[in-house]
Every structure is written in C-alpha cells, then in structure tokens.
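Going down the list, the protein sequences come from chains A and B. Quick note: the first sequence uses my numbering, first residue 1, plus one each step. Quick note: the second sequence uses my numbering, first residue 1, plus one each step. Contents: one structure, followed by commentary.
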Amino acid sequence: MPARVITITSGKGGVGKTTATANLGIALALLGQRVVAVDADIGLRNLDVVMGLENRVVYDIVNVVEGVCRLRQALVKDKHLSELYLLPAAQTRDKSAVSPEDMVKVCEQMRNDYDFVLIDSPAGIEQGFRNAIAPADEVLIITTPEVAAVRDADRIIGLIEAEGKGPARLIINRIKPDMVKRGDMLDTGDVMEILAIDLIGIVPEDEAIIISTNKGVPVALDNKGQAGLAFHNIAHRLLGEDVPFMTIKDTSGFLRRFARFVRS
Amino acid sequence: MRFWDKLRGRQIPSSREIAKERLQLVLVHDRANISPGLLQTLKDELITVISRHIEIDREGVEITFTQGKRYNRLVADIPVLGTRRQKS
Numbered sequence: 001m002p003a004r005v006i007t008i009t010s011g012k013g014g015v016g017k018t019t020a021t022a023n024l025g026i027a028l029a030l031l032g033q034r035v036v037a038v039d040a041d042i043g044l045r046n047l048d049v050v051m052g053l054e055n056r057v058v059y060d061i062v063n064v065v066e067g068v069c070r071l072r073q074a075l076v077k078d079k080h081l082s083e084l085y086l087l088p089a090a091q092t093r094d095k096s097a098v099s100p101e102d103m104v105k106v107c108e109q110m111r112n113d114y115d116f117v118l119i120d121s122p123a124g125i126e127q128g129f130r131n132a133i134a135p136a137d138e139v140l141i142i143t144t145p146e147v148a149a150v151r152d153a154d155r156i157i158g159l160i161e162a163e164g165k166g167p168a169r170l171i172i173n174r175i176k177p178d179m180v181k182r183g184d185m186l187d188t189g190d191v192m193e194i195l196a197i198d199l200i201g202i203v204p205e206d207e208a209i210i211i212s213t214n215k216g217v218p219v220a221l222d223n224k225g226q227a228g229l230a231f232h233n234i235a236h237r238l239l240g241e242d243v244p245f246m247t248i249k250d251t252s253g254f255l256r257r258f259a260r261f262v263r264s
Numbered sequence: 001m002r003f004w005d006k007l008r009g010r011q012i013p014s015s016r017e018i019a020k021e022r023l024q025l026v027l028v029h030d031r032a033n034i035s036p037g038l039l040q041t042l043k044d045e046l047i048t049v050i051s052r053h054i055e056i057d058r059e060g061v062e063i064t065f066t067q068g069k070r071y072n073r074l075v076a077d078i079p080v081l082g083t084r085r086q087k088s
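Quick look at the structure:
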C-alpha cells in the first residue's frame, strides 16, 4: 500500500508543529510503521534538532530537488528507531528554493517504500505552507487554546479547503486543565465549537516537552507523562483505532459534547 | 449572548468567556472578508446616501455584521428624525 502523506500545519508559529511531527513519527514507528519525517521549513530547520539528529544531517531536501544527491543519501536514520527517517530542510536557503511541484515529486519517490510521510509545515500562509500541503493526502492542524492561534487555525482551515486538501483534522496542543478549571483558558469544547472540524488529539501542556527538546529525545520515546501518551493516542487514531480522549476535566461538559467528535 | 447577560447580572465574565466572544466576533469578520475598516466606510457612505432623502441622527447610526443561522447579516440601525421638507 502506498504511503499516506500527512502535513502538519497551523498558521500560527510556535504552537507545536515540529514537536508533533517528531513525536508522531516516533509513535508510528513504534507501532511498526515505516515513517519519513520531512522538514519543510527551509531556511529555519528545526525538526532535526527536535529529533536529536542535528549532527547527522549531510544532505537536505533542496539537495535532493536540485539533483545534487539521491533521496536515499539525504534521509537520516533515527538514532533510536530503525524504521524512522528524517528528510532535513536546508538551513542556508529559503522557501523559494523548492516549489510545490518539487515537493510532490519528492514525496512520490517515497510512496512505495514507506507507510507514512509526515511533513512539518512552516508557519504562515506563503510559499512554505503551499509547498508543505501540495503533496498532502491528509492535513492535521495544530492549535493552542489561545485567541491568536485559533484565529490563524481558522484561516488555515479555509485555505486548506480551498486547495481541496480538506477536511483537516485538529490537534489541540498545550491545554492546561487547571487554567481551564479556573475559567482562564478556552477548553476543548470552545475550540471545537469555533473551528468545527474533527478532533484527532488533545495534548496537555507538559514540562517534559522542553526537557525532551533540550536533550533531543522526543517524549514519545520514553512513554512517561501526559504529552507522550497523547501523541501515542493520536498515532493509534491515525491508524484507524478508536481511542477515547484523555480525561481532561473542564467546565463545559466537554466529555459529553465530545462524543460527537469521536471517529468510529 | 451569555456574556452580556452576565454583565447585566453584574457577574464578571471569565477571561475564557471574553476570549470566546472575541474570537467568534473576529472570525465572523475574517470569514466574510469584511474588515472593521470596511464597515466604517460602509457606514459613512450609507449615512451620506440616506441623509439625502431622510433626516437621520448620524451619531446614532450603527452598522454591525452578525452571525445568522443561514446567512451572516449586515445590519444597519438608523435613527430617523423626520423626512426632509420638499423645497418648493
């Protein structure tokens, strides 16, 4: 079966696309899937550093597109898992070095050898974003429960539908149950009501994420903590399994309303 | 809206409720591609046109963009003072 190409995007920067891409890559590989994580943020690469592979980057996606090397030479095997690879972005070029057609061609080369191609989209709505969604079969949108992030996510949802890549599915990242309880943070129900797309995951705020980036060891690897578990759940759902969402208590009767959004 | 009911009941809305209301409002504008600036322009031009035919309270004019069930609505609320006398 050919690979599923999934782009992870958000609009807003800093909401957790790279972290999610790295951790979903790990979680899927741990479930026996063959995965390539592609860093589409040309000029500002970060997927390599979040995965702890920064010292192993030799060639990048621009080299592949320009024919300087073969795709195999650019793929970096993960330190921990043999079925996970990274296709790094270039650091000294910019988004214009690659076109949407180039992205589609590179992904086509990977279709037969892998099960999942996860594309870490840059922030924004310009060429980098268009490059990242061009090859996508599916799109995951990441937002945090904050006004600016949700607003940008809404715009992105519209753009994705206009490109014919919808419907996208949503990951709500960095939920803080205490703040939700105090009435100081939008809860999952609020965000779902506003954005009105299917939910595929809720990831709570977790200090372990910062520690994991410090060390270059994504949280999904050591299976401790809430965020890691959330990413594993998302991976299961990507594989079609019906995993109940983590109980995050909040004031809006989320668990009740939520039943509508669970995929069967 | 719950938010305004709360204000009338003198309960202070939580920041979450404020965020939700603000988001819903700003997205109505974003999705319809009507900027608040455009609304002001529409208001000024509407006032000019209507004033040619009917005397209105310019200060009291309100133009809002609201979410409806099937359509979003541009609603003009124009206080009327009286019709202009025809100059004979």
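Quick reminder that beta carbons are idealized off the backbone N, C-alpha and C, glycines included.
What are the partner residues of residue i, as DSSP defines its beta bridges?
{"i": "Leu118(A)", "result": "Ile6(A), Ala37(A)"}
{"i": "Ile141(A)", "result": "Thr9(A), Leu170(A)"}
{"i": "Gly201(A)", "result": "Ile171(A)"}
{"i": "Lys284(A)", "result": "In this structure chain A extends from 1 to 264, so residue 284(A) is not present and cannot be described."}
Would you say residue i and residue j are within 9 Å of each other, going by their C-beta atoms?
{"i": "Val57(A)", "j": "Leu84(A)", "result": "no"}
{"i": "Gly25(A)", "j": "Phe116(A)", "result": "yes"}
{"i": "Ile61(A)", "j": "Val15(A)", "result": "no"}
{"i": "Ile78(B)", "j": "Ile50(B)", "result": "yes"}
{"i": "Leu170(A)", "j": "Asp198(A)", "result": "yes"}
{"i": "Arg16(B)", "j": "Val180(A)", "result": "yes"}
{"i": "Val106(A)", "j": "Leu71(A)", "result": "yes"}
{"i": "Arg174(A)", "j": "Asp113(A)", "result": "no"}
{"i": "Ala196(A)", "j": "Ala22(A)", "result": "no"}
{"i": "Gly216(A)", "j": "Leu53(A)", "result": "yes"}
{"i": "Val65(A)", "j": "Asp102(A)", "result": "yes"}
{"i": "Val97(B)", "j": "Lys43(B)", "result": "No answer is possible for residue 97(B): the residues shown for chain B start at 1 and end at 88."}
Can you list, in chain order, the residues of its chain whose CB lies under 6 Å from that of residue i, leaving out five sequence neighbours each side?
{"i": "Asp242(A)", "result": "none"}
{"i": "Gly11(A)", "result": "Asp152, Ala153, Arg155, Ile156"}
{"i": "Arg31(B)", "result": "none"}
{"i": "Asp39(A)", "result": "Arg45, Leu47, Pro88, Ala89, Asp120"}
{"i": "Gln73(A)", "result": "Tyr59"}
{"i": "Glu161(A)", "result": "none"}
{"i": "Gly228(A)", "result": "Val219, Ala220"}
{"i": "Leu74(B)", "result": "Phe65"}
{"i": "Leu38(B)", "result": "none"}
{"i": "Gln226(A)", "result": "Pro204, Asp206"}
{"i": "Gln127(A)", "result": "Lys95"}
Sort the options by Cα distance to residue i and report the nearest one.
{"i": "Ile211(A)", "options": "Thr19(A), Leu44(A), Lys79(A)", "result": "Thr19(A)"}
{"i": "Glu59(B)", "options": "Asn33(B), Arg31(B), Thr48(B)", "result": "Thr48(B)"}
{"i": "Ile194(A)", "options": "Pro218(A), Arg174(A), Ala134(A), Val147(A)", "result": "Val147(A)"}
{"i": "Ile133(A)", "options": "Lys12(A), Leu159(A), Arg111(A)", "result": "Leu159(A)"}
{"i": "Pro145(A)", "options": "Lys176(A), Arg169(A), Asp78(A), Val139(A)", "result": "Lys176(A)"}
{"i": "Leu238(A)", "options": "Tyr59(A), Met1(A), His80(A), Leu140(A)", "result": "Leu140(A)"}
{"i": "Pro122(A)", "options": "Gly228(A), Leu47(A), Glu207(A), Val36(A)", "result": "Leu47(A)"}
{"i": "Met1(A)", "options": "Ala208(A), Lys181(A), Arg111(A)", "result": "Arg111(A)"}
{"i": "Asn131(A)", "options": "Arg4(A), Ile8(A), Ala3(A)", "result": "Ile8(A)"}
{"i": "Ile63(B)", "options": "His53(B), Arg52(B), Leu46(B)", "result": "Leu46(B)"}
{"i": "His80(A)", "options": "Met246(A), Pro218(A), Lys224(A)", "result": "Pro218(A)"}
{"i": "Ala19(B)", "options": "Phe231(A), Lys77(A), Val191(A)", "result": "Val191(A)"}
{"i": "Thr188(A)", "options": "Asp222(A), Val150(A), Gly225(A), Asn223(A)", "result": "Val150(A)"}
{"i": "Pro100(A)", "options": "Ser82(A), Asp222(A), Phe129(A)", "result": "Phe129(A)"}
{"i": "Pro13(B)", "options": "Asn214(A), Asn223(A), Ala3(A), Asp184(A)", "result": "Asp184(A)"}
{"i": "Thr278(A)", "options": "Ala208(A), Ser96(A), Ala168(A)", "result": "Outside the shown range of chain A, which is 1 to 264, sits residue 278(A), and nothing can be said about it."}
{"i": "Asn223(A)", "options": "Asn214(A), Ala208(A), Val49(A)", "result": "Ala208(A)"}
{"i": "Ile125(A)", "options": "Asn214(A), Gly225(A), Lys95(A), Glu138(A)", "result": "Lys95(A)"}
{"i": "Val49(A)", "options": "Gly225(A), Gln91(A), Ile172(A)", "result": "Gln91(A)"}
{"i": "Asp78(A)", "options": "Asn55(A), Val68(A), Gln127(A)", "result": "Asn55(A)"}
{"i": "Ile172(A)", "options": "Gly67(A), Leu186(A), Arg182(A)", "result": "Leu186(A)"}
Counting only the same chain and skipping the five closest in sequence on each side, list residues whose C-beta sits under 7 Å from that of residue i.
{"i": "Leu81(B)", "result": "Glu55, Ile56, Asp57"}
{"i": "Ala76(B)", "result": "Leu46, Ile63"}
{"i": "Glu163(A)", "result": "Ile133"}
{"i": "Gly13(A)", "result": "Ala123"}
{"i": "Ala235(A)", "result": "Leu24, Ala27, Leu28, Leu31"}
{"i": "Lys17(A)", "result": "Ile8, Thr9, Ser10, Asp120, Ser121, Ile142"}
{"i": "Ala3(A)", "result": "Met110, Arg111, Tyr114, Asp115, Phe116, Val117"}
{"i": "Asn63(A)", "result": "Cys69, Ala74"}
{"i": "Arg93(A)", "result": "Ile42, Gly43, Val62"}
{"i": "Glu138(A)", "result": "Arg4, Ile6"}
Among residues of its own chain, excluding the 5 on either side of residue i, which ones have a beta-carbon nearer than 8 Å to its beta-carbon?
{"i": "Arg256(A)", "result": "In this predicted model, Arg256(A) has a pLDDT of only 45, less than 50, meaning its place in the structure is not dependable enough to derive any value."}
{"i": "Ala136(A)", "result": "Val5, Ile6, Thr7, Ile119, Lys165"}
{"i": "Asn233(A)", "result": "Gly201, Val243, Phe245, Met246"}
{"i": "Ala230(A)", "result": "Gly201, Ile202, Val203, Pro204, Met246"}
{"i": "Leu75(A)", "result": "Val36, Tyr85, Leu86, Leu87"}
{"i": "Thr213(A)", "result": "Thr19, Val49, Val50"}
Every unbroken alpha helix (DSSP H) inside the stretch 183-239 of chain A [4 residues or more]
188-195, 207-215, 226-238
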